[in-house]
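K.L.:
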Amino acid sequence: MVGPEGETVTQRASTGGLPSDGVIDATLEEVHARYHGLDDGEVADYIPVLAEADPRWFGLSLIESAGTVHEVGDVDTEFSIQSISKAFVFALVCQSRSSELVHERVGVNNTGLAFNSVMAVELNDGKPLNSMVNAGAIATTALMPGTTSAEKWENIRSGLSRFAGRPLRLDGRVYESEMTTNQRNKALARLLESYGRIITDPLDTVDIYTRQCSLQVTAHDLAVMGATLADGGINPLTGRQVVSAEVARDTLALLASCGMYENSGEWLFEIGLPAKSGVSGGIVAIAPGKGALGTFSPRVDAAGNSVRGQRACFHLSRALGLNLFASNAVAQRVREGR
Ligand code: GLU
Numbered sequence: 040m041v042g043p044e045g046e047t048v049t050q051r052a053s054t055g056g057l058p059s060d061g062v063i064d065a066t067l068e069e070v071h072a073r074y075h076g077l078d079d080g081e082v083a084d085y086i087p088v089l090a091e092a093d094p095r096w097f098g099l100s101l102i103e104s105a106g107t108v109h110e111v112g113d114v115d116t117e118f119s120i121q122s123i124s125k126a127f128v129f130a131l132v133c134q135s136r137s138s139e140l141v142h143e144r145v146g147v148n149n150t151g152l153a154f155n156s157v158m159a160v161e162l163n164d165g166k167p168l169n170s171m172v173n174a175g176a177i178a179t180t181a182l183m184p185g186t187t188s189a190e191k192w193e194n195i196r197s198g199l200s201r202f203a204g205r206p207l208r209l210d211g212r213v214y215e216s217e218m219t220t221n222q223r224n225k226a227l228a229r230l231l232e233s234y235g236r237i238i239t240d241p242l243d244t245v246d247i248y249t250r251q252c253s254l255q256v257t258a259h260d261l262a263v264m265g266a267t268l269a270d271g272g273i274n275p276l277t278g279r280q281v282v283s284a285e286v287a288r289d290t291l292a293l294l295a296s297c298g299m300y301e302n303s304g305e306w307l308f309e310i311g312l313p314a315k316s317g318v319s320g321g322i323v324a325i326a327p328g329k330g331a332l333g334t335f336s337p338r339v340d341a342a343g344n345s346v347r348g349q350r351a352c353f354h355l356s357r358a359l360g361l362n363l364f365a366s367n368a369v370a371q372r373v374r375e376g377r
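Read left to right, the sequence shown gives residues 40 to 377 (the numbering used here).
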């Protein structure tokens, strides 16, 4: 903890608005046209079924906190959510248990190492450091309420569906494919068990974690899920409160420091938004109080971040004024009476 213990201060929010609908639509079109031919990066194949993705797919969705939808390209193509599920499972666990519990048991600092690093766990006395790397995500999934594995899984599936505003389904082929190749995740879970960091059955927990990664979403769904976090936890399309405003805030804080793998610092420096990506090519980037971007394009870089998605977010963050750290000089204008 860096804050004063046991003291609460009411959270006030301070966020600006978005440009007009016309500007947003034209900018999305322009960004899609600019990057759809970019062929850098590779389609992930360490989970064999993921290699079947069409590298040409490219969809951009921006959903405002007020619910207006702006989209271009392959926004209805389904793909497995993969690591992006970690953000929303974190939020659900914070909501049903508490943010403090996850903070204490898992941690909220970046590892600076790859998403599936064993060394990160070893270097930190078995503490996984954050819920956005595999070890921390498995430890977070283990905290999901439910008396049986089936109940925990159903709580995750229905919870993520509330974020998306529609029932999400498991992609059985992706799940089977990952279950035959995820020895490393099983090893991470056993390692956490050996440190007493998870008390549920490690292999059952990896099974649930793999299911959550295999839920099918679209770029549109990612934007709705992100817009829910941008809107104090209320889904802007269904009007339903999915998590509290405090949990939405805590989730975005974690995404800002840990959401983009070991490139999170670089991402925040250049794009200035909390975000989460997954190896199947999705990115969700959130502008608190304004809305969220959902992008999908399967070619990813060495860290696992979609190449076109990152470029698109970079461009849109600047052109639409989304960067959290950007400001316009006011004092000078006031002094000059402009
Ligand atoms: N299910 C994947 C894994 O555990 C998620 C990886 C990712 O999207 O970063 O390896």
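For glycine and all other residues, C-beta sits at the position ideal for the given N, C-alpha and C.
#1: Please tell me whether ASN274 and PHE335 are closer than 8 Å, where the distance is taken between their beta carbons.
#2: Could you name the residues that DSSP lists as bridge partners for ALA342?
#3: What residues are listed by DSSP as bridge partners for HIS109?
#4: Would the beta-carbon of GLU143 be found less than 7 Å away from any heavy atom of the ligand GLU?
#5: Under three-state DSSP, which class holds ALA314?
#6: On the DSSP letters alone, give me the boundaries of the beta strand (DSSP E) that ALA324 sits inside.
#7: Here's the rule I'm using: 16 or more other beta-carbon atoms within 10 Å means buried, otherwise exposed. How should MET158 be labelled?
#8: Is the beta carbon of SER253 less than 8 Å from the beta carbon of ALA92?
#9: Which same chain residues, not among the five before or five after ARG208, have their C-beta less than 8 Å away from its C-beta?
#10: Is TYR85 buried or exposed, if buried means 16 or more other CB atoms sit within 10 Å of its CB?
#11: Looking at the secondary structure, which residues open and close the alpha helix (DSSP H) in which GLY61 lies?
#12: Where the beta carbon is closer than 6 Å to any heavy atom of the ligand GLU, which residues qualify, in chain order?
#13: Relative to the alpha-carbon of VAL111, which residue among LEU67, LEU168 and ARG236 has its alpha-carbon at the smallest distance?
#14: I'd like to know whether the C-beta atoms of THR187 and VAL132 end up nearer to each other than 8 Å.
#15: Give the DSSP-derived three-state secondary structure of GLN255 in the structure shown.
P.N.:
Quick look at the numbers:
#1: Along the sequence shown, read from residue 1 onward, the residue named residue 274 stands at position 235. Along the sequence shown, read from residue 1 onward, the residue named residue 335 stands at position 296. Contact flag unset, no.
#2: Translated into the one-based positions of the sequence shown, residue 342 becomes position 303. Looking at the DSSP assignment, ALA342 forms no beta bridge with any residue, so it has no partner.
#3: As a first step, residue 109 must be located in the sequence shown, where it is residue number 70. DSSP lists LEU101 as partners of HIS109.
#4: Residue mapping note: residue 143 aligns to position 104 of the sequence shown, counting from 1. No, since every heavy atom of the ligand GLU falls outside the 7 Å radius drawn around the Cβ of GLU143.
#5: Looking up residue 314 in the sequence shown gives position 275. Of the three classes helix, strand and coil, the one that applies to ALA314 here is strand, per DSSP.
#6: As a working mapping, residue 324 is identified with position 285 in the sequence shown. It spans 321-326 - the beta strand (DSSP E) in which ALA324 sits, taken as one unbroken run.
#7: For the purposes of this step, residue 158 is identified with residue 119 of the sequence shown, where counting begins at 1. Exposed, since its Cβ has fewer than 16 Cβ neighbours within 10 Å.
#8: Locating residue 253 in the sequence shown gives position 214, counting from the first residue. Locating residue 92 in the sequence shown gives position 53, counting from the first residue. It is not a contact, given that the beta carbons lie outside the stated cut-off.
#9: Here residue 208 corresponds to residue number 169 of the sequence shown, with the count starting at 1. Hits under 8 Å: LEU254 and GLN255.
#10: Here residue 85 refers to the residue found at position 46 of the sequence shown. Looking at its Cβ environment, which holds fewer than 16 other Cβ atoms inside 10 Å, TYR85 is exposed.
#11: Locating residue 61 in the sequence shown gives position 22, counting from the first residue. That run of the alpha helix (DSSP H) goes 60-74.
#12: GLN121, SER122, PHE154, ASN155, ASN173, GLU217, ASN224, CYS252, GLY317, VAL318 and GLY343
#13: Indexing the sequence shown from 1 puts residue 111 at position 72. Nearest option by C-alpha distance: LEU67.
#14: Looking up residue 187 in the sequence shown gives position 148. Looking up residue 132 in the sequence shown gives position 93. No.
#15: Your numbering for residue 255 matches position 216 in the sequence shown. If DSSP states are grouped into helix, strand and coil, GLN255 belongs with the strands.
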